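Have a look at the structure below before the remarks.
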Amino acid sequence: MFFRDVSFSPHEAELRFRLIHFWEARNLNTKELIGQEMLLIDEEGTVIQGFITAGRVGMYKLTSGSVYKLSNFFGSRSKVQFRVADHRATISFSWNSDLKVLENHPVPILEDRFRFHRYEEFHANCDRRVDLYDYVGHMKLVNGQTITDHTALDEVDIAEKRHLCVHVQTHDGPVMKLYLWDNAASEFCRSSYHMDGLQPFFWSPQ
Numbered sequence: 001m002f003f004r005d006v007s008f009s010p011h012e013a014e015l016r017f018r019l020i021h022f023w024e025a026r027n028l029n030t031k032e033l034i035g036q037e038m039l040l041i042d043e044e045g046t047v048i049q050g051f052i053t054a055g056r057v058g059m060y061k062l063t064s065g066s067v068y069k070l071s072n073f074f075g076s077r078s079k080v081q082f083r084v085a086d087h088r089a090t091i092s093f094s095w096n097s098d099l100k101v102l103e104n105h106p107v108p109i110l111e112d113r114f115r116f117h118r119y120e121e122f123h124a125n126c127d128r129r130v131d132l133y134d135y136v137g138h139m140k141l142v143n144g145q146t147i148t149d150h151t152a153l154d155e156v157d158i159a160e161k162r163h164l165c166v167h168v169q170t171h172d173g174p175v176m177k178l179y180l181w182d183n184a185a186s187e188f189c190r191s192s193y194h195m196d197g198l199q200p201f202f203w204s205p206q
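Numbering (the UniProt record's numbering), first residue to last: 1 to 206.
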């Protein structure tokens, strides 16, 4: 069974896919754990979102980049807000879902797939909270500072505010503000120690 065959119903069939990335989904206000989100890609290069409810988080050993086979799952309707895949369905793990690692899968599976969009598409979807896009551009400013060899970000201040702001620009396009929150902001701070002047910038919501 391939991702293109997943419908809104229970499935006993077996899926084979690579786990691109996974992350915790939490309530923005209360920080309560909602579940675990996943981004998956199959042999045909189709990307779909996966979901494990909060009560089952930790039951499965997940490693980004690994190939798995999954049986017994439910195809649920993809959420309207904050989508990271175009597929209309989400693979939701059920009480009897069986997930196993495939060590030597005979068919190669892509390691990733990105969804890049033009500025006009960003602008058209402004404030709609619909899709989460991948982005490639150049960093102009970080929290109002120009990126140089001696740029030092205030990690304490960023941790307190829980976010930072990056001004990014595509080739000859407008400059846009990109806000990174929580773990993404912390990871950016750590990587900033290795920056050298104006940097190409790639960001994925995964």
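The beta carbon of each residue, even a glycine, is placed where N, CA and C say it ideally should be.
Computed from a prediction, not measured in an experiment: that's the story for all the values here.
Residues bridged to residue i by DSSP?
i       : result
Glu-14  : Ser-71
Met-38  : Phe-22 and Gly-50
Ile-91  : Gly-50 and Gly-75
Cys-165 : Tyr-179
Leu-33  : Arg-26
With DSSP collapsed to three states, give me the class of residue i.
i           : result
Lys-79      : coil
Ser-97      : strand
Gly-144     : coil
residue 275 : Outside the shown range of the chain (1 to 206) lies residue 275, about which nothing can therefore be said.
residue 214 : Any answer about residue 214 is impossible in this case: the structure gives the chain only from 1 up to 206.
Asp-5       : helix
Glu-187     : helix
Gly-45      : coil
Can you give me the C-alpha to C-alpha distance between residue i and residue j, rounded to a whole angstrom?
i       : j       : result
Phe-2   : Ser-191 : 37 Å
Arg-26  : Glu-43  : 30 Å
Lys-177 : Asn-104 : 43 Å
Ala-188 : Asp-154 : Going by the sequence as given, residue 188 is Phe instead of Ala. Distance between the alpha carbons of Phe-188 and Asp-154 is about 12 Å.
Pro-174 : Val-47  : 29 Å
Cys-165 : Phe-51  : 29 Å
Glu-111 : Asn-29  : 33 Å
Val-108 : Gly-45  : Note that residue 108 corresponds to Pro in the displayed sequence, not to Val. Taking the straight line joining both Cα atoms gives about 10 Å.
Lys-69  : Ala-13  : 10 Å
Gln-81  : Leu-102 : 32 Å
Ile-158 : His-87  : 35 Å
Phe-8   : Trp-181 : 32 Å
Starting from residue i, trace the beta strand (DSSP E) both ways and give me its first and last residue.
i       : result
Val-156 : Run containing Val-156: none in the beta strand (DSSP E); it sits in the alpha helix (DSSP H), 155-161.
Met-176 : 175-181
Round the Cβ separation of residue i and residue j to the nearest angstrom and send it over; I've been treating them as touching at under 8 Å.
i           : j       : result
residue 207 : Arg-162 : Shown here, the chain extends from 1 to 206; a query on residue 207 therefore has no answer.
Val-57      : Gly-35  : 7 Å
Ser-71      : Ala-89  : Going by Cβ atoms, the distance from Ser-71 to Ala-89 rounds to 16 Å, so no, they are not a contact pair.
Ile-20      : Leu-33  : Not really, about 21 Å apart at Cβ, beyond 8 Å.
Beta carbon of residue i: closer than 8 Å to some heavy atom of the ligand SAM?
i      : result
Thr-63 : Questions concerning the ligand SAM fall outside what the structure shown contains, since it holds no ligand whatsoever.
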